[in-house]
Amino acid sequence: MASIKPSAHLNEVRYEIRGALTRRARELEAAGLPIIKLNIGNPARYGFTVPEHLRQAIAAHLHESEAYGHEQGLEEAREAIAAQQRARGARQVEVERIFIGNGVSELIDLSLRALLQPGDEVLLPSPDYPLWSAATILNGGVPRYYRCLAENRHLPDPEEIEALVTPRTRALVLINPNNPTGAVYPRALLEQIVAIAARHRLLLLCDEIYDEILYDGTHFQPVAQVAGNTPCISFGGLSKVHRACGYRVGWLSLSGDVASTREYRDALQLLAALRLCANVTAQWAVIPALQDTPTIGALTAPGGRLHEARKAVLEGVAASDYLDLVTPGGALYAFPRVRTDRIANFNDDTFALRLLEEESVLVVPGSSFNVPTSRHVRLTLLPQPAQLRDVFVRIERVLERMAAE
Ligand code: PLP
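Quick note: the sequence shown uses our numbering, first residue 25, plus one each step.
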């Protein structure tokens with residue numbers, strides 16, 4: 025029988041966080057080998073729990089969750105999101121400019137689908153969270169990457185961003201705090217970037233899903249506040265800060281000039297209506313999540329589990345003969361790099377495969393995040409600190425063998 029060919033659009037699309045290595049890890053597990061999985065930022069898999077008052081809000085409203093809801097999301101939940109955004113200094117945020125989706129993932133796709141004509145360009149960070157590249161390509165766009173190199177503490181260079189702008193550029197994506205690097209962008213840098221967006225009439229797309237996961241008192245600056253009247257979309261959700269990945273709830277908030285974004289907002293609404301609505305049940309958790317005291321701070325403060333996990337990673341890197349790392353200021357990952365002076369012809373894909381096969385540890389090769397180099401790997405900070413210390417012993421053993429070959 026003739027094979028059923030998938031769409032050619034997919035040829036350029038990769039998502040290695042759940043790719044071939046993960047499938048190999050599943051095979052090894054099925055054969056009875058326990059695998060230490062550091063590939064996905066999925067808090068509940070590592071024993072983190074959703075705050076009890078979020079669960080109770082869902083239980084209390086279960087009986088009100090049986091019908092399709094508004095295509096943009098529950099009015100009460102959108103009120104809570106709009107209030108959060110206004111408190112952060114975002115301008116012109118009203119419930120009709122808020123959209124709730126089945127995770128930020130769905131809304132990344134929706135926001136680009138509503139925007140792009142074939143051949144339009146989108147400025148993306150390199151490394152990026154790879155859904156941004158995939159959604160750009162699948163919606164007919166062309167990714168143009170601005171580098172966030174370890175040499176520059178994984179911060180973007182505004183001059184490089186501006187040099188990439190062409191008449192086809194439509195949007196500028198910021199991931200802050202950043203996945204995979206953990207970089208948190210200072211206000212002065214964001215001011216320069218916002219000015220570029222304003223000069224060239226680019227829509228700012230700001231993935232802020234890690235907005236409250238911050239270490240060492242690092243300050244998070246919402247872009248919408250800096251952007252003022254410049255059109256800006258801020259993305260947030262329940263998956264990370266509230267540890268509820270499985271609820272599949274994310275939101276976007278459109279801020280800035282109303283008149284010039286009206287048509288675009290209507291396009292978002294049409295696309296939202298085409299998929300009817302997001303999961304209604306889980307949206308009830310948004311209200312307590314945003315109105316009550318956040319609970320993530322206890323985990324990232326000294327003595328908290330995420331703080332101690334990050335410490336274990338920093339110590340593992342410091343003790344290594346091969347690695348360096350820009351200390352992550354936020355989010356749930358570390359993005360260490362193998363030093364050129366120690367293993368000259370290092371390849372991250374080979375390393376990640378060997379780490380899995382030889383030491384039963386699953387990480388994501390850095391090149392999966394659309395970077396030009398292949399010297400990084402990403403690992404999540406979610407495991408217990410003791411397990412992360414053990415992981416660094418295993419990483420070192422593989423690197424020693426690679427260096428000796
Ligand atoms: N954006 C970034 C930067 C992420 O890291 C993730 C998930 O890891 C997402 C978006 C998707 O989040 P959600 O669970 O809300 O779909």
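A virtual CB, placed ideally from N, CA and C, is assigned to each residue, including glycine.
What's the C-alpha gap between residue i and residue j?
| i | j | result |
| --- | --- | --- |
| I237 | T324 | 7 Å |
| R363 | N66 | 29 Å |
| P204 | A322 | 22 Å |
| L386 | F370 | 18 Å |
| S398 | D181 | 21 Å |
| R334 | R177 | 17 Å |
| E95 | G327 | 42 Å |
| D235 | I199 | 10 Å |
| R366 | F416 | 17 Å |
| H400 | G390 | 4 Å |
| N303 | R79 | 15 Å |
| P312 | V37 | 37 Å |
| L86 | P167 | 41 Å |
| V422 | Q408 | 22 Å |
| I217 | S27 | 47 Å |
| I64 | R194 | 30 Å |
| T285 | N253 | 11 Å |
| D152 | F393 | 5 Å |
| V117 | Q293 | 15 Å |
| L136 | S277 | 14 Å |
| L45 | A111 | 42 Å |
| F359 | E339 | 14 Å |
| T305 | C256 | 28 Å |
| Y346 | E420 | 8 Å |
| Q109 | A268 | 20 Å |
| Y170 | S150 | 6 Å |
| E184 | L147 | 11 Å |
Alpha carbons only, please: which of the options is nearest the one belonging to residue i?
| i | options | result |
| --- | --- | --- |
| E287 | V304, A219, Q249, L139 | L139 |
| R361 | F375, L294, V166 | F375 |
| A222 | L298, I41, P318, G280 | G280 |
| E51 | H400, E381, L262, I105 | E381 |
| P58 | F393, S384, I419 | S384 |
| L300 | T254, G97, H331, L147 | G97 |
| H243 | A212, S263, T254 | A212 |
| V197 | G113, F259, A174, Q249 | F259 |
| P81 | A309, R69, Q141 | The sequence as given places Ala at residue 81; Pro does not occur at that position. Comparing Cα positions, the closest option is A309. |
| N35 | G164, R225, G270, A248 | G164 |
| P154 | S129, R137, L134, R289 | S129 |
| E232 | A248, G241, I220 | A248 |
| R115 | P246, T351, S263, L162 | P246 |
| V208 | M426, G354, M25 | G354 |
| A159 | A297, Y39, P210, L228 | Y39 |
| A251 | I220, L262, G261 | I220 |
Using the beta-carbon count (16 or more within 10 Å), is residue i buried or exposed?
| i | result |
| --- | --- |
| R42 | exposed |
| L62 | buried |
| K29 | exposed |
| D372 | buried |
| Q315 | exposed |
| E100 | exposed |
| T13 | For the chain, the structure presents residues 25 to 429; residue 13 sits outside this window and is missing. |
| L214 | buried |
| E175 | exposed |
| H317 | It should be pointed out that residue 317 corresponds to Thr in this sequence rather than to His. Exposed. |
| A32 | exposed |
| A297 | exposed |
| Q141 | exposed |
| D290 | exposed |
| R225 | exposed |
| G125 | buried |
| D240 | exposed |
So is residue i in contact with chain B if we call contact Cβ pairs under 8 Å?
| i | result |
| --- | --- |
| R329 | In the structure shown, chain B cannot be found, because there is only a single protein chain. |
Quick check: is any heavy atom of the ligand GDP less than 7 Å from the C-beta of residue i?
| i | result |
| --- | --- |
| E287 | Looking for the ligand GDP in the displayed structure turns up nothing; the ligands present are the ligand PLP. |
Can you list every residue whose CB sits closer than 6 Å to some heavy atom of the ligand PLP, going in chain order? Those satisfying the condition are, in chain order, G65, G127, V128, S129, Y153, I199, N203, D231, I233, G261, S263, C269, G274.
Output the residue ranges of the beta strand (DSSP E) runs that lie fully inside the segment 260–306 and measure 3 residues or longer, sorted by chain position. List check, beta strand (DSSP E) in window: 274–279.
For the segment 209–259, list the alpha helix (DSSP H) runs that are entirely contained and at least 4 residues long, ordered along the chain. If only uninterrupted alpha helix (DSSP H) runs of at least 4 residues are considered, those enclosed by the segment 209–259 are 211–224, 247–251.
Runs of 3 residues minimum, wholly inside the segment 92–162: which ones carry the beta strand (DSSP E) assignment? At a cut-off of 3 residues, the continuous stretches assigned as beta strand (DSSP E) that sit fully inside the segment 92–162 are 122–125, 145–150.
What are the start and end residues of each continuous alpha helix (DSSP H) run of 4 or more residues lying completely inside the segment 33–86, in chain order? The qualifying runs are 44–54, 76–84.
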